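All remarks here apply to the structure that follows.
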Amino acid sequence: SASGHILTMDKGSIYVTGRFFNTVDFDPSTNVFNLTSVSGTADIFIAKYDATKSPSDPSFFKWAFSLGGPVTQYEGNITVDNDGLLYVSGSAQSSNIDFDPSSNTQLGTGNFVATYDGNLTPSNTLFFKSVASGLMFGISDILVSNKTMYLTGGFSGSNIDFDPSAGVHTLSAVSTYADIFLAKYDTHFSPSSTNYYKWAFNMAMGTGNSARSLAIDKNGLVYIGGDNIGGVSSIFAVVCDGNRQPADSLF
2 SASGHILTMD KGSIYVTGRF FNTVDFDPST NVFNLTSVSG TADIFIAKYD ATKSPSDPSF
62 FKWAFSLGGP VTQYEGNITV DNDGLLYVSG SAQSSNIDFD PSSNTQLGTG NFVATYDGNL
122 TPSNTLFFKS VASGLMFGIS DILVSNKTMY LTGGFSGSNI DFDPSAGVHT LSAVSTYADI
182 FLAKYDTHFS PSSTNYYKWA FNMAMGTGNS ARSLAIDKNG LVYIGGDNIG GVSSIFAVVC
242 DGNRQPADSL F
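Take 2 as the starting number for the sequence shown in the numbering used here and just add one per residue.
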């Protein structure tokens, strides 16, 4: 079985990500393209389809591949930037998962943003490292605009490092359960470059917080939607500019 609830479209192409168990055929035509999860646990899949074709057309399906290991993996979100690069977030619970669908290997584990072109060539995958104690729950949403990438999600504990380079830029949660984070990166550079990370900050309201989605307007203002529990439970939208300056908030 498969659950693919997150999709994005770009120039006539449909990209879908989700989780699947056991063996699943990802080609809806009479052709067959099976993926099989590792050890019967849930693996992440990423698939591409041609939106100009009917699902029954053999040319509708383009490709699919999986990220798997002996324990369950969790998908996050998927988006495409202005250059057609595909960004996929998730949490690799198994060690040394291969993020390269070719005969080459690119091993990694933990929370990630994997980047591919439309032909499945990998490029500049970001893996989050953790310093001292702490847990990053995952990336709820990705937004990429003009080579700037914003990530939001949740984390708990202390000293979570949001800089994938040799530099260290940590945040520590304040809430009992989880804080929200917003982080900004410059995708002109590779994750190992000290120019890749721009900034990150956290927000805490009540005992627990959850970010759900990101959006950006024509003026470059970034909108975060989410909810919090504890105290007065509410949904919220927080607005800031590209330099972390608050613009407005709706509760």
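Just so it is clear, CB atoms sit at the ideal spot from N, CA and C, and this is done for glycine as well.
On a predicted model such as this, the values are computed, not experimentally measured, just so you know.
Which residue spans inside the segment 86 to 119 form an unbroken beta strand (DSSP E) run of at least 3?
List check, beta strand (DSSP E) in window: 87 to 99 and 108 to 117.
Smallest Cα separation from residue 106: which of 123, 116, 114 and 150?
Comparing Cα-Cα distances from residue 106 to each of 123, 116, 114 and 150, the minimum goes to 123.
According to DSSP, is residue 41 helix, strand or coil?
In the structure shown, residue 41 sits in a helix (DSSP, three-state: H, G or I).
From residue 139 to residue 196, what distance separates their C-alpha atoms?
In a straight line, the C-alpha of residue 139 is about 23 Å away from that of residue 196.
Does the count of Cβ pairs from the segment 149 to 157 and the segment 178 to 188 closer than 8 Å reach three?
Contact between the segment 149 to 157 and the segment 178 to 188 is present, because at least three Cβ pairs lie under 8 Å.
Would the beta-carbon of residue 226 fall within 7 Å of that of residue 211?
Against a cut-off of 7 Å, the Cβ pair of residue 211 and residue 226 comes out as no contact.
Can you grab the Cα-Cα spacing for the pair residue 175 / residue 34, in whole Å?
About 47 Å.
Under three-state DSSP, which class holds residue 54?
Residue state, collapsed to three classes: coil.
Taking the beta strand (DSSP E) that residue 212 belongs to, which residues open and close that run?
Residue 212 -> beta strand (DSSP E) spans 209 to 217.
Please list, in chain order, all residues of the same chain as residue 110 whose beta carbon is under 7 Å from its beta carbon, the five residues on each side excluded.
Hits under 7 Å: 93, 95, 96, 97 and 98.
Considering only C-alpha positions, which residue in the set 221, 190, 161 and 62 is nearest to residue 13?
When only C-alpha atoms are compared, the closest one is 62.
Comparing C-alpha positions only, which one of 243, 39, 169 and 157 sits nearest to residue 220?
Looking at the Cα atoms, 243 is the closest of the given residues.
Candidates 59, 178, 22 and 144: which alpha carbon is nearest residue 157's?
Of the candidates 59, 178, 22 and 144, the one whose C-alpha sits nearest the C-alpha of residue 157 is 178.
Tell me the rounded alpha-carbon separation between residue 228 and residue 77.
Cα-Cα distance, rounded: 18 Å.
Identify every residue that forms a DSSP beta bridge with residue 62.
For residue 62, which the question treats as bridged, DSSP gives the partners 50.
Can you tell me whether residue 242 is helix, strand or coil according to DSSP?
In the structure shown, residue 242 sits in coil (DSSP, three-state: anything other than H, G, I, E or B).
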